[in-house]
Structures are given as structure tokens and as C-alpha cells.
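Residue numbers (the working numbering): 32 to 297. Where a beta carbon is used, it is the ideal one built from N, C-alpha and C, also for glycine.
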Amino acid sequence: MVIVKVGMKMRAEWSPAQYLKFEDHRTRPAADLLSRVPGADILSAVDIGCGPGNSTELLTTRFPEAHIVGMDSSGNMIEAARQRLPAAEFETGDIETWDPRTPQQLLFANAVLQWVPNHQRLFPRLMSFVADGGSLAVQMPDNLDEPTHVSMRQAASDARWQERLALADSERAAIETAATYYEILKPHCRRVDIWRTTYFHPLQGLEGIVEWFKSTGLLPYLSRLDRHEKESYLAVYRGLLAEHYAEAPDGTVLLPFPRLFIVATK
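Here it is in C-alpha cells:
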């Protein structure tokens, strides 16, 4: 695993294989978001934080005539996306400094902006890159107060690694309320569509939950630990999860996963 230092942050390189273990579950919110994007004649779009290309594939299917670019900060994800969609265009970039050459009819950001701070500044900036009549479409996990993430923070308070994990929480930005996003976006567009959905993902036991978050929420914690510490941290984490998630007789655990959706159209 490659560790990338960004200022005071330490980010592990994303694993496309780990992420795609739950591809169907992860792609469904992207499809639900795309279904609310208005217009059938979009000719330019950027998939911001495209990951391994599963969301980009949705865009290319709906808008086959469009010039679509997938952008992600992870080289591993970009490589996986290019293998998946060899005819598509992908580039490595940082959302905080990214600046498209021309206004886009669609900026599509599925499950990525929760990793970028200062949404009061970020969202108007992204809207400035949207062409008249175009849309900014965003989906963000809204689960920092769910037991999955509360347990991550509780496990991080263990004295064995508390000091090293002190900054792990800051890797992900706390998202704003729906009302706040409406206030941020309304001056920059003619229509703001916001909704919140809780998905219930059937996973195989507590280990299924662990495997799910190894590729996302757990990364800031695990990337700061050595191999033996990771095993110990995850053992603590599993114990905390067991207090909140019950297994069905067949071993299935339903993982509630709330997500916030926004489609802002100029």
C-alpha cells in the first residue's frame, strides 16, 4: 500500500480491487443520482472522483455522444478506470485545485466530495465550472454518526495508537445539512434538488462491514498503522460493531447507509 502525504494529512492509495468487491452496492447510488440529472443532450461531462470507472461507465451509457472525462487523485483508480473503459478519457487531478479548460454541461461527483474540506467555498467554485443549463450532481455518504464510524473513532482512542490516529478523523469532511447546501447553491443556480436516502446493504456478517469500509472510511486509520497494529485495531473495531449489528440466522447483516444527494442546475 502506498501512503501519500498531503500537507498534514496522510492518505493511503485507494485499492480498486477492494472498492469493487461491493460494486453493485456502490454503483446504485450513482445510478440514482444520474437518474435525476435533467437533459438528454449533454455533450460534455466530467466525472469528478471517478474511482475505478464504474460511475463513468454510467455516464458513457446515458450520454454516448458526449465528451466525458473521468478525473481522480488516485493513480491506482485511474489505471483501473482506463482498463475498464479503454476508449474513455481519464486524468489525474486534485479537486481542490482542478480547473477545467471550458465550462461543462455536467459535473458528476459520486461519493467523493466528503473527502474535500470547506464546502462553503468548494460548491460555488464547482458551480462556476458549470455551463448555463448544466448541472452539478453530487452524492455524499452521510454516515459519520452511524455506529460504523463512531466505532472507528472509538477504536482509534485506544492508548496503543491514539496519538498516531489523532489526525485520522480530519481526513474526511463533516458534510453540511441539506438546508445549508440549499443556501450555498441557490444564488448560483435556478434549481436545487436535494434528497436523502438510506440504503440497507445485505453483507456477510460483521466481516462484510469491515471489508466494505477497508476501501473507504477505515483507510485514514489503517494507513497509519503497521501490519500487526492493523489486525489489533480491526479486532477492537469488530468488537464495537458487534454491539450494534445483529446477524440474521443465515449470517447476513443489514448495513444502513444514509446518503445525501444534490442536483444543482443553472
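- Pro60 sits away from Ser166, with the two beta carbons spaced by 8 Å or more.
- Less than 8 Å divides the Cβ of Ile99 from the Cβ of Asp78.
- One Cα belongs to Arg115, the other to Met108, and the distance between them is close to 10 Å.
- Closest option to Val161, judged by alpha-carbon separation, among Gly80, Arg221, Arg57: Arg221.
- Runs of beta strand (DSSP E) with 3 or more residues, each lying fully within the region 202 to 247, are found at 222 to 235, listed in chain order.
- Beta-bridge pairing by DSSP links Asp103 to Thr123.
- Exclusion of the five residues before and after Arg255 leaves Met41, Arg195, Leu196, Ala199 as the residues of its chain whose Cβ lies within less than 7 Å of its Cβ.
- Ser188 carries a coil assignment under DSSP once its states are collapsed to helix, strand and coil.
- Taking a C-beta distance under 8 Å as the contact criterion, Glu278 and Gly248 do not qualify as a contact pair.
- For His219, the closest alpha carbon among the candidates Val294, Trp146, Thr208 is that of Val294.
- Around the beta carbon of His150, a 10 Å sphere encloses 16 or more other beta carbons of the protein chains shown; the residue is thus reported as buried.
- C-alpha of Met183 to C-alpha of Ser75: approximately 39 Å in a straight line.
- Phe231 sits exposed, since fewer than 16 C-beta atoms from the chains shown fall within 10 Å of its C-beta.
- Each of Thr179, Ser86, Trp129, Pro155 was checked against the Cα of Trp243, and the nearest Cα belongs to Thr179.
- When only Cα atoms are considered, Met102 and Asp130 end up about 11 Å apart.
- If the five residues before and after His56 are omitted, its C-beta is found closer than 7 Å to the C-beta atoms of His232, all from its own chain and listed in chain order.
- Within its own chain, the residues whose Cβ lies closer than 7 Å to the Cβ of Ala186, once the five positions on either side in sequence are excluded, are Tyr264, Val267, Tyr268, Leu271, listed in chain order.
- Under the DSSP assignment, Pro172 falls in the beta strand (DSSP E) whose first and last residues are 161 to 172.
- Counting C-beta atoms within 10 angstroms of its own C-beta, Gly239 has 16 or more neighbours from the protein chains shown and is therefore classed as buried.
- Contact between Ile215 and Leu291 does not hold, since the beta-carbon distance rounds to 13 Å and is not under 8 Å.
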